[in-house]
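**Q** First the structure, which I've put down as structure tokens, then a few questions once you've had a look.
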Amino acid sequence: MTGQPDSGQESFWERLVQGLPAWARRLLGAPLPVAAEPLPAVEEAVTQPTLFEIANESDAVTAFEVREGCVAEAEEKLGALRQKITGSRPAYTGTPLDDETLDRIWVNLLRLGLFDELRYLAGPPCNLPFRAEIRAFLEHGAAQFAASHARGAAYRAQHPDIDIFTMGCIVWGEEYICNFLRYNVRSMLSEDNLPALARQGKVVFSIVTDAAGEQRLRSDPLFGKLCETADVEFTIVPDSLIEILRNGHLVKNFYVLYGMLDHCSIYFAEGAGSHLFMIPVDCVVASGTLVNMANYRHQGYECCGGGNLVAETETFLPAIDERFGSDGPIRISTYELASLAFQHAHHYFQSQVIAAENRDFGRHPRELFWPVEGGVEIHSVFIHPLFTTAAGLAKYRRKHFANIDYGMIPRLFTHPGPIKLMDPSLAYVNNFTAAHRRYETTGRSFTYEDFLRCHDWTYPVQKACFTQVQHLPCKLVGYTACNDVGQDVREINALFGVNLEGADQAPAREGAGA
């Protein structure tokens, strides 16, 4: 014997020791490891946002944007909200609170321009149970916005290298169509309105209506007269959607849904690369207005609008008939039109006059009227964009689908330099509405506090426009001035606390009638 261990015995014991761990695992029931097999991945739990969180964040982004304007930081906050929504699967539990929260979400997202994100929440995979009418309007908008843009692009292809003026209109129902043709269209057909505008380029009406409305319009002789001066493109709204809106302003969030339809003409104008008029169909247009509004673009302005008297339909329209009959163009000066409207003034206008006689001021005034020598002085906050240039419209990248009166201008501009509060002696439209439509009042005379309170949700650029003055010439009787207009404007402007660059500056060139 050599005294060395037996190699066979060594091998046995080595194998025994090496096999002990496997034996122990078998005994304990544990799985055997596989050579070079990676450890199983541990999935991180994805925290889904709740409906309440989405609603609250959309509230917060909206409030920030209104307070600070449509600035870069607002866009960053909006991007974070988009990211939170995209790919999420928020749970719906069917409680009344969830239903209320869904209403907050759809209104907020349309105000913020998050149309695609709202469609994502309403469609698969989320399928959140928004109101049926909201789903219907979303489906219609998704189809018609793209179709309108395409029709606009096709129209531009037919008319290259020329100014195009799109006239955006929404009208349906016999009463509104009749008033649109008999008063609005006839006043625009006066020689120094549409015919004069047509000498500057192509004019095309983008009319949003229902199928019956298109037939009614086409059958009227006035429509034939209109077509002699302008082209017409129709966007047809399904009867089911019209039925939802049939009760007008009494429908919950009516103006949000109506605002979506307004955007059909906006998309058409964008596709056409055209200027855009958005003249309300329930108004009379003073002579020279369309051309003078369009000519503001030659001074560097990109958008214009302004305040006006509102007349009662039931007595104002018969007075127009008495003066102009039922046929032929209506050619009426600003002074004549505003004076006639004052004789038939609606409660809405009367509630916004700062005068000794008005002891029940409007609760939600968008403009203020001071009696002055020769008429009224107007200072406005919310300005309906009556005319927007093609260059201005190109800046409307994030839409305010809910209400263009309120939200379109702040999305176009962060300072008021490009916005013109038009000279009423050159350009003026006068609205009319039914006498039974009443608006809330304060129950007391005008106060700064009441006015400021109703503009808590007004954008900085809108407040900055308040200092622009409009002198509306008219025969105004029965009102006694009780405040100094200059002092009122200075104090309100100071209380607004807005100091935007260019707030009191206008483009250098003058002479809108040029």
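Going by our numbering, the sequence shown runs without a break in its numbering and finishes at 802.
A virtual CB, placed ideally from N, CA and C, is assigned to each residue, including glycine.
Bear in mind the structure is a predicted one, so any value in this text is a computation, not a measurement.
By the 10 Å Cβ neighbour count, where 16 or more other Cβ atoms means buried, how is residue 457 classified, buried or exposed?
**A** Classification for residue 457: buried.
**Q** Got a sec, what are the start and stop residues for the beta strand (DSSP E) residue 398 sits in?
**A** Looking at the DSSP string, residue 398 is not in any beta strand (DSSP E); the run it does join, the alpha helix (DSSP H), is 384-400.
**Q** Buried or exposed: where does residue 586 fall if 16 or more other Cβ atoms within 10 Å of its Cβ makes it buried?
**A** Counting Cβ neighbours within 10 Å, residue 586 comes out exposed, since fewer than 16 surround it.
**Q** Leaving out five residues before and five after residue 407 in sequence, what residues of the same chain have Cβ atoms less than 6 Å from its Cβ?
**A** Closer than 6 Å at the Cβ level, and outside the excluded window around residue 407, lie 426.
**Q** According to DSSP, simplified to helix, strand and coil, what is residue 455?
**A** Correct three-state label for residue 455: strand.
**Q** Alpha carbon to alpha carbon, what distance is there between residue 787 and residue 390?
**A** Each residue's alpha carbon lies about 37 Å from the other.
**Q** Go to residue 751, then tell me how far its alpha helix (DSSP H) extends in each direction, as first and last residue.
**A** 748-752 is the extent of the alpha helix (DSSP H) around residue 751.
**Q** According to DSSP, is residue 592 helix, strand or coil?
**A** Here residue 592 sits in strand by DSSP.
**Q** With which residues is residue 663 paired in a DSSP beta bridge?
**A** In the DSSP output, where bridge partners are listed per residue, residue 663 has 660 and 761.
**Q** Can you check whether the CB of residue 422 is closer than 9 Å to the CB of residue 460?
**A** Not in contact: residue 460 and residue 422 (Cβ atoms no closer than 9 Å).
**Q** Quick one: what's residue 480 bridged to in DSSP?
**A** Per DSSP, none; premise fails for residue 480.
**Q** Buried or exposed, going by whether 16 or more other CB atoms sit within 10 Å of the CB of residue 385?
**A** Exposed, by the Cβ-count rule.
**Q** If you drop the 5 nearest sequence neighbours on each side, which residues of the same chain put their C-beta closer than 8 Å to that of residue 488?
**A** Contacts found: 451, 453, 579 and 582.
**Q** May I ask you to report which of helix, strand or coil DSSP gives residue 353?
**A** The answer is helix: DSSP assigns residue 353 an H, G or I state.
**Q** Thinking C-alpha only, which one of 679, 771, 760 and 782 is nearest residue 753?
**A** Nearest C-alpha to residue 753: 782.
**Q** Among 557, 723, 747 and 528, which residue has its Cα nearest to the Cα of residue 424?
**A** With distances taken between Cα atoms, residue 424 lies closest to 528.
**Q** What is the rounded straight-line gap between the Cα of residue 321 and the Cα of residue 337?
**A** Only weak support is given to the placement of residue 321: the predicted model assigns it a pLDDT of 39, under 50, and the question is left unresolved by the model.
**Q** Hey, quick one: how far does the beta strand (DSSP E) through residue 359 stretch, first residue to last?
**A** Here residue 359 belongs to no beta strand (DSSP E), and DSSP marks it neither H nor E.
**Q** Just confirm the distance between the C-beta atoms of residue 471 and residue 597, as a whole number of angstroms; I'd bet it's less than 8 Å.
**A** That belief does not hold up - the Cβ atoms of residue 471 and residue 597 are roughly 15 Å apart, past 8 Å.
**Q** Quick one: complete alpha helix (DSSP H) runs, 4+ long, within the stretch 674-722?
**A** As far as the stretch 674-722 is concerned, its whole alpha helix (DSSP H) runs of at least 4 residues are 678-681 and 692-700.
**Q** Answer yes or no: the CB of residue 619 versus the heavy atoms of the ligand MG, is any distance below 8 Å?
**A** With respect to the ligand MG, the structure offers nothing, as it holds no ligand at all.
**Q** Note down, in chain order, each residue of its chain lying with its Cβ closer than 8 Å to the Cβ of residue 374, except the 5 sequence neighbours on either side.
**A** Here the set comprises 405 and 408.
**Q** List the DSSP bridge partners of residue 490.
**A** Residue 490 is bridged to 452.
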